[in-house]
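Residue numbering for the sequence shown follows the working numbering, starting at 17 and increasing by one per position. C-beta: ideal position from N, C-alpha, C; glycine also. Note sheet for the following structure.
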Amino acid sequence: MTDLSGVPPLRDPVMVAAFEGWNDAGEAASGAVAHLERVWGAQSVGELDPEEYHDFQVNRPSVGTDDDGRRTITWPTTRLYWARPPGGNRDIVIVRGIEPSMRWRRFIGEILHYADELKVGTMITLGALLADVPHTRPIPVTTTSDDERLLDKLAVEPSRYEGPTGIVGVLQDAAMKAGLPSLSLWAAVPHYVGQSPSPKATLALLRRIEDVLDVTVPLGELPEDARAWERGVDELAEEDSEIGEYVRQLEQAKDTADLPEASGEAIAKEFERYLRRRRPDDEGGKPGML
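Take a look at the structure:
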């Protein structure tokens, strides 16, 4: 077990977790937590022992050179960090790793142990899946929870999915059974351009995190990366008539489905979320939705 003695007392912490692999189309979810680590200057808490959870013929270690020119081996594992977003009133525990190859229940138990030791009050898991959505429209992000309080407070729906699941689904279920309020954010990545990276999907997840936590996430070059990605897919669709026609069909279906959302009430609600996210309250911080 990782020694947590070096971690200061955290303020109303929220855990945000994502894992490479089956749950991470276009590396959108793992890319989102990696972005949070960078822009919030996250500090290391520790890591899980990779010997316990990974088949190294499936997820191989990598060799590289450190700053002193020495050869080093980096092992596939799950790492924990903590961050204190500027201007916020709560801290974030970030979990970024790889879906384990074995001992899932022990793996989940260790994650929840750290959540308990760090007094995490809410867990947010991130995922991304391939879907029939057009790249030219905003990336859909589905928010679900099985916690009654969060369902009411965030006006989200319980998950209706049935079928095979990954480590994100197992973690979500275990958190609920442990009494830890949790919600899951899933970005839908256009399946015809599902290769990594998918910056537009990463951006969509980060903006949803801003909404949920009422924090401002510095986005850096990510919006331009997303626009460049979209332009590249536009060129692909122009060069391939079958892809172009398919994209137009997806656009028509998406626009028809979204017509009820273009109401004055929906627009006003979106503007309120924008202002709340970027206007400090009277205390100088930002009120959390959770």
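Where residue i falls: helix, strand or coil (DSSP)
i	result
G37	coil
M118	coil
D19	coil
Y177	coil
P25	coil
G47	helix
G248	helix
A147	strand
S200	strand
L52	helix
Q211	coil
Q308	Lying outside 17 to 306, the shown extent of the chain, residue 308 is not represented and no answer is given.
E63	strand
V231	coil
Q141	It is worth fixing the name first, because residue 141 is Thr in this sequence and not Gln. T141 falls in the strand class under three-state DSSP.
T152	coil
V263	helix
V172	coil
Cut-off 6 Å between Cβ atoms - residues of its own chain near residue i, not counting five sequence neighbours on either side
i	result
V55	P234
Q265	none
I183	F35, E115
A41	A144, L145, L146, V205, G210
V249	H151, V209
P25	none
A3	Outside the modelled stretch of the chain, which goes from 17 to 306, sits residue 3, for which no answer is possible.
S175	T160
N39	G143, G182, V184
D5	The first residue shown for the chain is 17 and the last is 306, placing residue 5 beyond what the model contains.
Local Cβ density within 10 Å of residue i, reported as buried at 16 or more and exposed below that
i	result
D97	The identity of residue 97 in the sequence shown is Tyr, whereas the question assumes Asp. Looking at its Cβ environment, which holds 16 or more other Cβ atoms inside 10 Å, Y97 is buried.
H129	exposed
P303	Per-residue confidence for P303 stands at a pLDDT of 49, beneath the threshold of 50, marking its modelled position as unreliable; the derived number appears in the next sentence. Under this definition P303 is an exposed residue.
G104	buried
V74	exposed
E178	exposed
K216	buried
E43	buried
Q268	exposed
D107	buried
A58	buried
G113	buried
V263	buried
S21	exposed
P101	buried
S214	buried
T94	buried
A203	buried
D163	buried
A131	buried
7 Å Cβ shell around residue i - same chain, five flanking residues per side excluded
i	result
P77	I89, T90, W91, P92
R165	P197
D148	H207, L266
I124	V186, L187, A190
P66	W91, P92, T93
G80	T88, T90
V23	V61, W98, L134
Contact test: residue i Cβ vs the ligand ADP heavy atom, cutoff 8 Å
i	result
A33	Absent from the structure shown: the ligand ADP. Ligands present: none.
Sequence-distant residues of its chain with Cβ nearer than 8 Å to residue i (five each side left out)
i	result
R119	E68, Y69
A48	A34, L142, T218, L221, L222, I225
V172	T159, T160, S161, L166, L199
D28	N105, R106, D107, G137, G304
I259	Y208, L252, A253
L52	V32, A58, A99, I108, I110, L222, I225, V233
E240	none
L238	H51, P215, T218, L219, L222
S60	R95, L96, Y97
G37	I114, E115, G182, I183
9 Å Cβ cutoff, residue i in contact with chain B
i	result
F72	Going by chain labels, chain B is absent from the structure shown, which holds only one protein chain.
> Can you list the alpha helix (DSSP H) stretches of 4 or more residues lying completely in the region 75–135, in chain order?
Replying inline: 120–133
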